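Asks:
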Amino acid sequence: MWCRVVEIMLGCWLLVSPWIFGHYPQQQAFVINDFACAVAVMAFGFLSFWRPLRHIHLLTILVAGWMIAFAYLNRAEPVPPPLQNNVLTALLLMMFAVLPNHASQPPEAWQTARRKSLEVQLDTGETTRRTS
Amino acid sequence: MTSVSFSRLEAAERSGPLSMDAAPHPWHYNPSRWSQRVPICILAGVGFLIAAYMGLYQWKLIGSAWDPFFDGNPQAVADEAPDIGRARNGTETVLDSKVSETMRYWFLVPDAAFGAIAYLGDLIFGLAGSTRRWQYRPWLVVIFGIDVIPLGVVSVILVVMQGFEVQAWCFLCLTTAAISLILIYMAYDEVWSCLLYLRAVWNETQSARIVWKTFWGRPTPEAERVGNAFLTAAVVPR
Numbered sequence: 001m002w003c004r005v006v007e008i009m010l011g012c013w014l015l016v017s018p019w020i021f022g023h024y025p026q027q028q029a030f031v032i033n034d035f036a037c038a039v040a041v042m043a044f045g046f047l048s049f050w051r052p053l054r055h056i057h058l059l060t061i062l063v064a065g066w067m068i069a070f071a072y073l074n075r076a077e078p079v080p081p082p083l084q085n086n087v088l089t090a091l092l093l094m095m096f097a098v099l100p101n102h103a104s105q106p107p108e109a110w111q112t113a114r115r116k117s118l119e120v121q122l123d124t125g126e127t128t129r130r131t132s
Numbered sequence: 133m134t135s136v137s138f139s140r141l142e143a144a145e146r147s148g149p150l151s152m153d154a155a156p157h158p159w160h161y162n163p164s165r166w167s168q169r170v171p172i173c174i175l176a177g178v179g180f181l182i183a184a185y186m187g188l189y190q191w192k193l194i195g196s197a198w199d200p201f202f203d204g205n206p207q208a209v210a211d212e213a214p215d216i217g218r219a220r221n222g223t224e225t226v227l228d229s230k231v232s233e234t235m236r237y238w239f240l241v242p243d244a245a246f247g248a249i250a251y252l253g254d255l256i257f258g259l260a261g262s263t264r265r266w267q268y269r270p271w272l273v274v275i276f277g278i279d280v281i282p283l284g285v286v287s288v289i290l291v292v293m294q295g296f297e298v299q300a301w302c303f304l305c306l307t308t309a310a311i312s313l314i315l316i317y318m319a320y321d322e323v324w325s326c327l328l329y330l331r332a333v334w335n336e337t338q339s340a341r342i343v344w345k346t347f348w349g350r351p352t353p354e355a356e357r358v359g360n361a362f363l364t365a366a367v368v369p370r
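Just so you know, the protein sequences line up as chains A and B, in that order. Sequential numbering of the first sequence, starting at 1, is according to the working numbering. Sequential numbering of the second sequence, starting at 133, is according to the working numbering.
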């Protein structure tokens with residue numbers, strides 16, 4: 001679940017980033033967007049710990065896509081730091097969001113299939129030994 | 133569970149064709165094992181640090197960028213780049229060049245920061261997945277491959293083109309380009325095995341549905357059979 005923890009931490013970063021990146025003319029829109037995206041990212045991260053909603057972290061990809069679109073829609077020269085922060089955080093979020101909860105283990109379905117195959121393999125060996 | 137004891141299952145898991153360390157075709161080692169992947173992640177981490185350092189210079193969060201070998205080219209520096217009070221070296225020229233400024237316009241962030249994210253992606257996708265992910269999570273290996281191979285090739289081409297276009301060379305950019313090439317060399321075996329496995333599933337079943345399921349890591353009896361037949365050695369000595 002380390003990927004979900006990182007997503008939640010990135011959500012926290014988004015939440016505090018309006019105070020880090022200072023004031024801009026469109027600040028209110030930036031702040032609202034950062035807060036909304038942060039809440040969504042953190043909610044999806046936390047909800048993924050609940051088994052029935054274990055795949056909900058994939059919605060974070062949509063949030064990240066929106067953050068990049070928002071940055072392009074509000075672009076100015078030079079690009080305001082809050083928008084650069086949106087782009088980089090969104091790319092990071094996308095990378096983590098595609099990873100499954102127990103990324104270092106085989107998928108559950110494969111674990112079950114492996115176990116069944118191993119049992120069949122051992123049972124067959126046992127039967128062969130007994131009959132011979 | 134049947135009468136088979138847990139310890140015997142574990143033993144069979146370690147030594148049989150279902151071993152997590154089994155070597156897939158065409159190699160005699162498992163390209164997904166940690167000893168193969170961790171060096172890739174470490175090298176990607178080094179690439180990330182160098183790219184992030186250059187990104188900090190492009191953001192002007194640091195005043196200079198290190199270059200022990202190459203001199204700068206004042207004509208190549210973008211009009212928007214601030215005066216740093218002295219002649220730029222090769223790295224600083226390339227990072228402040230018009231080409232770099234154009235890429236910054238496209239990506240909204242400095243190109244070095246974008247590169248840092250790509251190296252971080254190599255690291256993250258290198259760490260994720262089990263030691264048999266070539267079979268159990270082909271999609272992850274393919275994403276890892278896309279991040280390392282085509283993006284690596286593009287970044288190397290960009291660095292070399294930048295040298296000819298800007299008429300200045302950047303030591304750190306060349307270092308990261310070399311890292312990208314080494315990463316491609318180190319990562320291609322796993323990606324190749326994974327693609328061969330998917331092709332073997334296709335050849336065996338001729339079913340796009342089964343290949344699709346296999347790609348997304350959903351087991352089917354056919355994929356399992358092909359996977360077991362795909363091994364060159366069940367157990368590889370450490």
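Beta carbons are placed, not taken as given, at the ideal position from N, Cα and C, and that holds for glycine. Quick caveat: nothing in here was measured; it's all calculated off a predicted structure.
Going by other Cβ atoms of all chains shown within 10 Å of its Cβ, with 16 needed for buried, is C12 of chain A buried or exposed?
Replies: Working through the first sequence from its first residue, we reach residue 12 of chain A at position 12. With fewer than 16 Cβ atoms within 10 Å of its Cβ, C12 of chain A is classed as exposed.
Asks: Taking CB distances under 8 Å as the criterion, tell me whether R54 of chain A reaches chain B.
Replies: Here residue 54 of chain A is taken as the residue at index 54 of the first sequence, counted from 1. With 8 Å as the cut-off, R54 of chain A does not count as an interface residue toward chain B.
Asks: Determine the extent of the alpha helix (DSSP H) in which M1 of chain A is found, giving its start and end residues.
Replies: Within the first sequence, numbered from 1, the residue matching residue 1 of chain A stands at position 1. From DSSP, M1 of chain A is part of no alpha helix (DSSP H); its letter is neither H nor E.
Asks: So, under 8 Å CB-CB, L255 of chain B and G177 of chain B are touching, yes? Tell me the CB distance rounded to an integer number of Å.
Replies: In the second sequence, the residue the question calls residue 255 of chain B occupies position 123. In the second sequence, the residue the question calls residue 177 of chain B occupies position 45. Indeed, because the Cβ distance is near 5 Å, the residues count as touching under 8 Å.
Asks: Could you check whether G217 of chain B and A300 of chain B sit closer than 8 Å to each other, using their CB atoms as the reference points?
Replies: Here residue 300 of chain B corresponds to residue number 168 of the second sequence, with the count starting at 1. Here residue 217 of chain B corresponds to residue number 85 of the second sequence, with the count starting at 1. For A300 of chain B and G217 of chain B, no; Cβs fall outside 8 Å.
Asks: Let me know if Q28 of chain A comes out buried or exposed under the rule of 16 or more other beta-carbons within 10 Å of its beta-carbon.
Replies: In the first sequence, the residue the question calls residue 28 of chain A occupies position 28. Its Cβ having fewer than 16 others within 10 Å, Q28 of chain A is exposed.
Asks: How far does the alpha helix (DSSP H) with F303 of chain B in it extend, from its first residue to its last?
Replies: Here residue 303 of chain B corresponds to residue number 171 of the second sequence, with the count starting at 1. Counting along the chain, the alpha helix (DSSP H) containing F303 of chain B begins and ends at 303-337.
Asks: Beta carbon of V291 of chain B, beta carbon of A309 of chain B: below 8 Å?
Replies: Indexing the second sequence from 1 puts residue 291 of chain B at position 159. Indexing the second sequence from 1 puts residue 309 of chain B at position 177. It is a contact, given that the beta carbons lie within the stated cut-off.
Asks: Per DSSP, N221 of chain B forms a beta bridge with which residues?
Replies: Your numbering for residue 221 of chain B matches position 89 in the second sequence. DSSP lists B:D203 as partners of N221 of chain B.
Asks: Would L122 of chain A be called buried (16 or more neighbouring beta carbons within 10 Å of its own) or exposed?
Replies: Position 122 of the first sequence, counted from the start, is the residue given in the question as residue 122 of chain A. Buried, by the Cβ-count rule.
Asks: Could you give the C-beta distance for V87 of chain A and L240 of chain B, rounded to a whole number, given that I count them as a contact under 8 Å?
Replies: Against the first sequence, residue 87 of chain A aligns to sequence position 87. Against the second sequence, residue 240 of chain B aligns to sequence position 108. The pair is a contact, with the Cβ atoms about 5 Å apart (cut-off 8 Å).
Asks: Counting only the same chain and skipping the five closest in sequence on each side, list residues whose C-beta sits under 7 Å from that of A183 of chain B.
Replies: For this step, residue 183 of chain B is matched to residue 51 along the second sequence. A244, G247, A248, Y251, T308, listed in sequence order.
Asks: Assuming T89 of chain A is part of the alpha helix (DSSP H), what are its boundary residues?
Replies: Along the first sequence, one-based indexing puts residue 89 of chain A at 89. Taken as a continuous stretch (DSSP letters only), the alpha helix (DSSP H) holding T89 of chain A covers 81-97.
Asks: Taking only three categories from DSSP, how would you classify A210 of chain B?
Replies: Reading the second sequence from its first residue, position 78 is the one you call residue 210 of chain B. DSSP places A210 of chain B in coil when its eight states are reduced to three.
Asks: Taking only the alpha-carbon atoms, compute the straight-line gap between I314 of chain B and S104 of chain A and give it to the nearest angstrom.
Replies: Working through the second sequence from its first residue, we reach residue 314 of chain B at position 182. Working through the first sequence from its first residue, we reach residue 104 of chain A at position 104. Those two C-alpha atoms are separated by around 25 Å.
Asks: In chain order, what residues of the segment 212-244 of chain B put their CB closer than 7 Å to some CB of chain A?
Replies: Here the close residues are L240, V241.
Asks: Kindly indicate if chain A contains any beta-carbon less than 8 Å away from that of G253 of chain B.
Replies: Counted from its first residue, the second sequence places residue 253 of chain B at position 121. True, the Cβ-Cβ gap to chain A drops below 8 Å.
Asks: Between Y329 of chain B and chain A, is there a C-beta pair that is closer than 8 Å?
Replies: Within the second sequence, residue 329 of chain B is the residue found at index 197, counting from 1. No, because no Cβ of chain A sits closer than 8 Å to the Cβ of Y329 of chain B.
Asks: If we call anything under 8 Å between Cβ atoms a contact, is L327 of chain B one with P156 of chain B?
Replies: Position 195 of the second sequence, counting from 1, holds the residue named residue 327 of chain B. Position 24 of the second sequence, counting from 1, holds the residue named residue 156 of chain B. It is not a contact, given that the beta carbons lie outside the stated cut-off.
Asks: Pull up the DSSP beta-bridge partners for S229 of chain B, would you.
Replies: Position 97 of the second sequence, counted from the start, is the residue given in the question as residue 229 of chain B. Per DSSP, B:V209.
Asks: Which runs of the alpha helix (DSSP H), 4 residues or longer, sit entirely within the segment 12-89 of chain A?
Replies: Whole alpha helix (DSSP H) segments, 4+ residues: 27-47, 59-73.
Asks: Ordered along the chain, which non-local residues of its own chain (more than five positions away) have a Cβ less than 7 Å from that of V298 of chain B?
Replies: By one-based count along the second sequence, residue 298 of chain B stands at place 166. The beta carbon of V298 of chain B sits closer than 7 Å to those of N205, A208, T225, V226, S229, V231, all from its chain and outside the five residues before and after it, given in chain order.
Asks: Establish whether the CB of V98 of chain A and some CB of chain B are separated by less than 8 Å.
Replies: Start at 1 with the first residue of the first sequence, and residue 98 of chain A comes out as number 98. At least one C-beta of chain B is nearer than 8 Å to the C-beta of V98 of chain A.
Asks: Given this structure, state the Cα-to-Cα distance separating W198 of chain B from L53 of chain A, to the nearest angstrom.
Replies: Within the second sequence, numbered from 1, the residue matching residue 198 of chain B stands at position 66. Within the first sequence, numbered from 1, the residue matching residue 53 of chain A stands at position 53. Going by the C-alpha atoms only, they are around 48 Å apart.
Asks: Quick check on DSSP: helix, strand or coil for R278 of chain B?
Replies: On the second sequence, position 146 is the one that residue 278 of chain B refers to. Correcting the residue type first, residue 278 of chain B is Ile in the shown sequence and not Arg. Three-state DSSP puts I278 of chain B in a helix.
Asks: For P351 of chain B, return the contacting residues in chain A, with the cut-off set at a CB-CB distance below 7 Å.
Replies: Stepping through the second sequence from its first residue, residue 351 of chain B is reached at position 219. Neighbours of P351 of chain B on chain A, chain order: A109, W110, A113.
Asks: To the nearest angstrom, how far is the alpha carbon of P351 of chain B from that of M152 of chain B?
Replies: Mapped onto the second sequence, residue 351 of chain B falls at position 219. Mapped onto the second sequence, residue 152 of chain B falls at position 20. The straight-line gap from Cα to Cα measures roughly 15 Å.
Asks: In chain A, what lies closer than 9 Å to Y189 of chain B by C-beta?
Replies: Here residue 189 of chain B refers to the residue found at position 57 when the second sequence is read from its first residue. Taking a Cβ-Cβ cut-off of 9 Å, Y189 of chain B has no neighbours in chain A, whose nearest Cβ is about 15 Å from it.
Asks: Determine the extent of the alpha helix (DSSP H) in which V178 of chain B is found, giving its start and end residues.
Replies: On the second sequence, residue 178 of chain B is found 46 positions in, with the first residue counted as 1. Counting along the chain, the alpha helix (DSSP H) containing V178 of chain B begins and ends at 166-190.
Asks: Does chain B have any CB closer than 8 Å to the CB of L91 of chain A?
Replies: Residue numbering aside, residue 91 of chain A sits at position 91 when the first sequence is read from its first letter. So, interface residue.
Asks: Alpha carbon to alpha carbon, what distance is there between L118 of chain A and P200 of chain B?
Replies: By 1-based counting over the second sequence, the position of residue 200 of chain B is 68. By 1-based counting over the first sequence, the position of residue 118 of chain A is 118. One C-alpha to the other measures close to 58 Å.
Asks: I'd like to know whether the C-beta atoms of C173 of chain B and L304 of chain B end up nearer to each other than 8 Å.
Replies: Sequence index remark: in the second sequence, residue 173 of chain B carries index 41 (1-based). Sequence index remark: in the second sequence, residue 304 of chain B carries index 172 (1-based). No. Outside cutoff.
Asks: Name the chain A residues whose beta carbon is nearer than 8 Å to that of G261 of chain B?
Replies: As a first step, residue 261 of chain B is located in the second sequence; it is residue number 129 there, counting from the start. The answer, in chain order, is A103, S104.
Asks: Quick one, which of B:V288, B:R265, B:I275, B:V274 has its alpha-carbon nearest S164 of chain B's?
Replies: For the purposes of this step, residue 164 of chain B is taken as residue 32 along the second sequence, with counting starting at 1. Closest by C-alpha distance to S164 of chain B, out of B:V288, B:R265, B:I275, B:V274, is B:R265.
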